[in-house]
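Following this note's numbering, the numbering of the sequence shown begins with 103 at its first residue and continues without gaps.
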Amino acid sequence: EEKCPTTNIWPCTCKTYLDGACIITCSLATQEQVDKIADIPNLCDGDVHFMLVHSKISGISSKLWKVLLSSKTVDVSIKRATVEGLVRPGDESIPSVYTPGAAVIKVDHSKVENFNWKQFSKFYSEGELTIVVEDTHLTELTPEFGEIASGQVEKVAIESAGLKVIRDHQFEPFADLESLSLQNNELTSISRSILAKPAKKLQFLHLNGNSLTSIPVDLFSDMPALEVVYLRENNLVTLPQDLFSSISSPNLQRIDFVNNPWHCDCRLMWILKNSKYHLNMGICATPDSLAGKKIKSNMLEC
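Take a look at the structure:
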């Protein structure tokens, strides 16, 4: 059944999916052209996905956000666009709005002056809510990030964004967080206190491609559902000896430390004796006599 609007929405386009939802894509659009989408009655029969691409505007109006966030499922993507704010500056706050389905809000390869996270505090998703910021400059997250959907967020991915620091308690409001990915940023340190304690539903923790020189001994504590951890391609040379002693998850399948510049001496011996978890350590970087060799117990001396 065709659900796309019959009115002319150029330069925006509309296509109906097999599942009944329609996607409206606004490319090379002006603010006025994007704004008028919100004026279409019963847009896509209440099941609309939206993509803003290759456009330079002030932001998506709160009126249009209300329409998009009350869709049967929510999928809003800002890609290769330049906006002053996710919500148009000067607009009234997004009112209380609800979707009975899952929701994804994604900002990808874009320039955003102000993310206006607090504007989304009254949004509620019955299904899984995912927030993605990828290849979009974001050196730090404000405390307001934790106000999204009053904390009802299940997945967060802030990747390749130039993120330099994560504040203590940053993700603590997200008590039901299942997946956190902070890959390919510029983090030099990480703390257990960035997450709720306990992080009762966290299954996936992805910290690949940062500049971490150490990790705290309690990093995996109070994570009873943890399954997979990625710490590849950081600057780790050794690990705290009691790192795994606080792990409480019976479902932990994999911890990946490949492509770190390990200094191979007896301080890593305890890791090789720990066969309870599937560890992928990679190879030694130092001393020179062991560089490029797989870590083995018979060569770890002090």
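Think of the CB as a built atom: it goes at the ideal place given N, C-alpha and C, for glycine as much as any other residue. Note that this is a predicted model, so its numbers are computed, not measured.
- Task: Answer with buried or exposed for Asp121, where buried requires no fewer than 16 other C-beta atoms within 10 angstroms of its C-beta.
- Result: Exposed, because fewer than 16 other Cβ atoms sit within 10 Å of the Cβ of Asp121.
- Query: Considering only residues of the same chain and omitting the five flanking positions on each side of Met153, which have a CB-CB separation below 6 Å?
  - Reply: Closer than 6 Å at Cβ, skipping near neighbours: Thr127 and Ser179.
- Nearest neighbour of Pro275, chosen from Lys158, Gly248 and Leu265 [CA to CA]: Gly248
- Reference Gln272; option with closest CA among Leu297, Ile125, Leu265 and Asn287: The residue with the shortest Cα to Cα distance from Gln272 is Leu297.
- Message: Ignoring anything shorter than 3 residues, give me the beta strand (DSSP E) runs that lie fully in the region 260-287, in order along the chain.
- Response: 281-283
- Message: Considering only the alpha carbon of each residue, which of Lys303, Ala140, Asp270 and Lys266 lies closest to Leu288?
- Response: A quick correction: the sequence has Glu, not Leu, at residue 288. Measuring from the Cα of Glu288, the nearest candidate turns out to be Lys266.
- Item | Environment of Ser157 [buried if 16+ CB atoms lie within 10 Å] | Under this definition Ser157 is a buried residue.
- Item | Leu154, DSSP secondary structure in three states | strand
- Task: Starting from the C-beta of Asp193, find all residues in its chain whose C-beta is less than 7 Å away, skip the five residues before and the five after it, and write them out in chain order.
- Result: Ser163 and Ser164
- Evaluate Asp344 with the Cβ neighbour count: other Cβ atoms within 10 Å of its Cβ, from every protein chain shown; 16 or more gives buried, anything less gives exposed. exposed
- Query: Which whole-angstrom value describes the C-beta separation of Ser313 and Asn286, a residue pair presumed to lie in contact below a C-beta threshold of 8 Å?
  - Reply: Wrong, their Cβ atoms sit about 11 Å apart, outside the cutoff.
- C-alpha gap between Leu171 and Gln133, whole angstroms: 19 Å
- Query: Going by the beta-carbon positions, is the gap between Asn310 and Arg334 smaller than 8 Å?
  - Reply: yes
- Message: Taking its Cβ as the centre, do 16 or more other Cβ atoms sit within 10 Å of Ala123, making it buried, or is it exposed?
- Response: By the neighbour-count rule (16 or more Cβ atoms within 10 Å), Ala123 is buried.
- Task: Find the nearest neighbour of Val331 within the set Asn216, Leu307 and Ile385, judged by alpha-carbon distance.
- Result: Leu307
- Task: Give, in chain order, every unbroken run of the beta strand (DSSP E) that is at least 3 residues long and sits entirely within the region 160-226.
- Result: 176-181, 184-187, 199-201, 205-210 and 213-216
- Task: Can you check DSSP and say which residues form a bridge with Val330?
- Result: Phe306 and Arg356
- Query: Are Val199 and Gly161 close, meaning C-beta to C-beta below 8 Å?
  - Reply: no
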